[in-house]
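In UniProt numbering, the protein residues as written are 1 to 997. Working notes, beginning with the structure itself.
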């Protein structure tokens, strides 16, 4: 094939996987780059079909936008057409895509960046009107074979810049220094197998010393050291004062601090050199060596304090590679002039032959399948591994969490299966934030950008960026929330829009209605459909075998091993949930409701001083890891047969399982902090209990619970594990069964109801204590796991916690933006942080902020009444309206009634005329009714139809101006659950059997 291409055209066109492989290898081989450990995550944009300068500039803008990523820098390369005989080159005359101008002054000095004087003068010669400032962004000067060099100014919104400030030196910001976020080298030549690409701009992210030491402190650059030293009061008259060193350190501190405050990716030189040492060792094992230029790898600051200073290095050249080439303006020739090649095509053919051989070894015999999951509770992960076990029968599957997956690889995947839940009000799980396909505005920009790129790169109809991909998606969710399976639906839609082809329509599992059975049905169908799609045979029988009921608990397959000591609970939670968990000491617990009230609403104050990982903003959530009630743990322990000593730490034996599920712990510790004993056991767990029941009648009852019967039993009884054990007293309960099969106790999320500026070192929570009777109110009293645990805490106790940001529920940037807040009951929690923030942190004019609060009666549960009134008097709140649903002598009134009766005109003005925001926080039923009320208000006040008003609300959501923070079933659990489950069963009964065509 290669020889034929060379014979026919005199060259060879690399396939896209070959191009991607070559570009990544070139970065891997770059001897002067200290950050090469990320080489395999390089995003390659293929621009070899670029036809002209306008298209070239558009592709470069797309590159900058993708790589900048609002500060979360992503490494990328855009590869333009290769050098060809008899044709001029595509070239970027700028040394980097973003550089600051340097203006030569009459006295010989330079204003701006002296390194860029030549390119600045060339831009001026080509018609650029300079600004004359110190930090003017240069336009791009581009060249193509058939067009003369032309200027293209970069849109200001495309260039992210960071003003420099110092964490302790307040005067530093007065220096007026800044730097751009994206280091994108544009003048190196990319060589892959003898093919040369003169225009292949690529970027990583900055190491702090590149800006602080080289760009700002070098004498031949901005040379800021004398000015900084003078402001610091250092003696610049003698070198022995080390004024240069001291000033350089502070400049680098300012750079790192400023980028971190601006949330722009940057790495300090110590971390960068340590990662390079790891890369060096890994390359030595993988390839027997690693080319490295010592003079470039050792950073310009700290020298021998970094490990690379003491490391011997060998500088040699490998292909593919990046190499320097003459400046474009020095070798520019008019169009039509022949350019001499440096490589023979025999060398090209040999290189491609070797590459093809290597790729042949990589190809697997089976079709590869990538199974991606995103989860908050761990259930999606369990389903993903079940799916993997099924697909191993005919495919070569691998399972990855979304935060471990490089989305760039989608373009080269064959089969992708996604199993994902949805968090809260339609948001992705935290581990899937890197995708966030359900943010309509972001995903539409991504889709349109990629579609535009494909149109630009081809004159024929394209199959799409993911044209070779086959995919299927299964979503987990709860119809108790209005945006059921929203993230799964968004992923399914976006994969199709990017050109992927479904092997099976989207599957959905409702937590309120036979979720397990829905997944099993979908898994069988998707396995059958994938087998048919890839012609690998029918493995449906394997699916039936895999999802057959468990054959019983095998005691001989599990063994617990005594350990010297138990893992401390906080460390154990961090290990178990793969996140850092912080200790928050309880400062106080106060009941906000009246003594006459039969219910409790707590104001819980915990400390967070000195915990950098607990920094938060108004609107964010605190994740809390609770403990099970002591009586539940006691009841379970009493049923364990042959229990280990109470204080004996346990762990699985290393010869019996590959990875321990739990950290070393006592059985009581596991049942108290790590495992969920309050939730109804799963059907699989009940089947295992059935195999351990000594009474044949109990065994039969446990093993005959099919999907529909189990769901009815679960939602009517809602039994805890001790209640199940009490119902089946003949079950002999092994400790290993509990430790290996019980679900993990998941964190609970609460809106933070304090502002960090108003209460530094503290976090406040507003918590409704949940209790309810199951069995239509006639069953035993059940307790909310976390809320009742929090109610039992005393000052000095510890709450294991972490911050979960809520970027879609933040105050608008401009404080004069009008806002309407709707929050009945504990839904007022985040709004308390809003008004505290306005009271204590903001100065100047404030926009109107109306609070609509709801409770039962003014005498029992009007929480925070005095604070609301104080906030209104001081101007943080412009108006406070309260709805009472059980006020003696008054009709029932809810927050939606207040909106309709007293705020209809203002709601329309704020949302449709004044660019304002609306925030709704509370249970799902209330939020749905408020949404419907707002829709009717907009239709009535704005003269629209209900459909048009719904479109307006959708647009407000897309623009992040209609915010919802919704929690699920609490006080009306049975009522809401029964209604929604009935609807879900109706949907399932109407759904046609088998896969859709």
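Just so you know, even glycine gets a beta-carbon here, dropped at the ideal spot from N, CA and C.
Asked                                                                                                                             : Found
Sheet register partners of residue 751 (DSSP bridge)                                                                              : 621
Cβ-based burial, residue 814 [other Cβ within 10 Å; buried from 16]                                                               : exposed
At least three beta-carbon pairs within less than 8 Å, the stretch 571-583 to the stretch 768-780                                 : no
Buried versus exposed call for residue 935 [16 or more other C-beta atoms within 10 Å across all chains shown]                    : buried
Same chain only: Cβ atoms within 8 Å of residue 887, ignoring 5 sequence neighbours per side                                      : 856, 857, 858 and 893
Residue closest to residue 480, alpha-carbon to alpha-carbon, out of 924, 874 and 864                                             : 924
Close-in-space but distant-in-sequence residues of the same chain around residue 116 (CB under 7 Å, 5 per side omitted)           : 99, 100, 101, 102 and 138
Beta bridge counterpart(s) of residue 824 as assigned by DSSP                                                                     : 854
Residue 892 - DSSP class collapsed to helix/strand/coil                                                                           : coil
N-terminal and C-terminal residue of the beta strand (DSSP E) that residue 531 is part of                                         : Counting along the chain, residue 531 falls outside any beta strand (DSSP E), though it belongs to the alpha helix (DSSP H) covering 515-533.
One or two residues paired with residue 321 in a DSSP bridge                                                                      : 191
Assigned exposure category for residue 595 - 16 Cβ within 10 Å defines buried                                                     : exposed
Contact check, residue 148 vs residue 52, beta carbons under 8 Å                                                                  : no
C-alpha gap between residue 755 and residue 618, whole angstroms                                                                  : 6 Å
Nearest candidate by alpha-carbon position, reference residue 904, set 878, 938 and 865                                           : 938
Buried versus exposed, by CB contacts within 10 Å (16 or more), residue 157                                                       : exposed
For residue 205 and residue 255, believed in contact at Cβ under 8 Å, the rounded distance                                        : Contact doesn't hold; Cβ gap of about 13 Å is too wide.
Endpoints, beta strand (DSSP E) assigned at residue 591                                                                           : 582-591
Residue 227 vs residue 175 beta-carbon contact at 8 Å                                                                             : yes
Among 828, 927, 784 and 882, the one whose alpha carbon lies nearest that of residue 629                                          : 784
Per DSSP, the bridge partner or partners of residue 562                                                                           : 650
Residue environment, residue 478, which counts as buried when at least 16 other CB atoms sit within 10 Å                          : buried
Beta-carbon spacing of residue 1009, residue 733 below 8 Å                                                                        : Since the first and last residues shown for the chain are 1 and 997, residue 1009 lies out of range.
Reference residue 961, options 940, 928 and 910, closest by Cα                                                                    : 910
Contained alpha helix (DSSP H) runs [length at least 4] in the stretch 213-257, N- to C-terminal order                            : 225-232
6 Å CB neighbourhood of residue 500 in its chain, flanking five on each side removed                                              : 466, 469 and 471
Alpha carbon of residue 497 to alpha carbon of residue 372, nearest angstrom                                                      : 19 Å
Three-way DSSP call (helix, strand, coil) for residue 844 in this model                                                           : coil
Sufficient close CB pairs (3 or more, under 8 Å) joining the stretch 410-422 to the stretch 792-799                               : no
Given residue 752 as reference, the closest of 383, 606 and 876 once Cα atoms are compared                                        : 606
Coarse secondary structure for residue 879, derived from DSSP in three states                                                     : strand
Check whether residue 48 and residue 82 have beta carbons under 8 Å apart                                                         : yes
Expected contact under 8 Å - CB spacing of residue 787 and residue 768 to nearest Å                                               : 6 Å
Cβ-based burial, residue 345 [other Cβ within 10 Å; buried from 16]                                                               : In this predicted model, residue 345 has a pLDDT of only 46, less than 50, meaning its place in the structure is not dependable; the value taken from the coordinates is given anyway. Its Cβ being crowded by 16 or more others within 10 Å, residue 345 is buried.
Beta-carbon contacts of residue 719 that lie in its chain and below 7 Å, excluding the five residues immediately before and after : 680
Coarse secondary structure for residue 553, derived from DSSP in three states                                                     : coil
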